[in-house]
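First comes the structure, then the notes that go with it.
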Amino acid sequence: MFDEPLQVKVAGLRSRQVVTLRARATDEKGVMFSSMATYKADGSGEVDLQRDPSLSGTYTGVQPMGLLWSMRPDTLHKMFTKTCSLNPQVVKFSVHEEEGGMLAEATNERLLVGDGVIRRTVKDGNFRGVLFTPPG
6 MFDEPLQVKV AGLRSRQVVT LRARATDEKG VMFSSMATYK ADGSGEVDLQ
56 RDPSLSGTYT GVQPMGLLWS MRPDTLHKMF TKTCSLNPQV VKFSVHEEEG
106 GMLAEATNER LLVGDGVIRR TVKDGNFRGV LFTPPG
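In the working numbering, the protein residues as written are 6 to 141.
Written as structure tokens, this is what we have:
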């Protein structure tokens, strides 16, 4: 679900290796949003966003959801457009070496509406909206 914490971990790196994690998503208007953060792997060659601080990028410090909330448009655009709540939001993550080569990539789909949630269009005079009610 969209409001649930996302765990991002990278394993299999060299001890103390510096890598950059990137996230990319496209909104419904086709505008690309991206973020990035540089990390230093621990002695076991792992990076865990729950534990490890970003050294630089679109955010710094320990921010488990930083790659999501710090996304910025790649072009002049004011905000991320998401009007169809039934479609998942697809976010592509990648891990890059200091020299830029990609080491790994993964895709995450984040749902805005859970199973059983009822969606109702509301129209009352000039008021227009959508009401979501939980199952049961």
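All residues carry an ideal CB built from backbone N, CA and C; glycine is no exception. It should be emphasised that the depicted structure is a prediction, and the values quoted were computed from it without experimental measurement.
Tell me the residue span of the beta strand (DSSP E) that contains L26. V23 to T31 is the extent of the beta strand (DSSP E) around L26.
If we ignore side chains and look at the alpha-carbon of each, how far apart do L108 and S99 end up? 8 Å
State buried or exposed for A16, treating a residue as buried only when at least 16 other CB atoms are found within 10 Å of its CB. exposed
Looking only at DSSP bridge pairs, what is K34 linked to? In the DSSP output, where bridge partners are listed per residue, K34 has none listed.
Three-pair Cβ contact test at 8 Å for the segment 22-32 versus the segment 61-73: The segment 22-32 makes contact with the segment 61-73; the number of CB pairs closer than 8 Å reaches 3 or more.
Looking at the strands, I want to know which residues DSSP matches up with A42. In the DSSP output, where bridge partners are listed per residue, A42 has L26 and G62.
With DSSP as the reference, label G71 as helix, strand or coil. If DSSP states are grouped into helix, strand and coil, G71 belongs with the helices.
Close Cβ partners of G121 (< 8 Å) along its chain, the five nearest in sequence each way excluded: P139, P140 and G141
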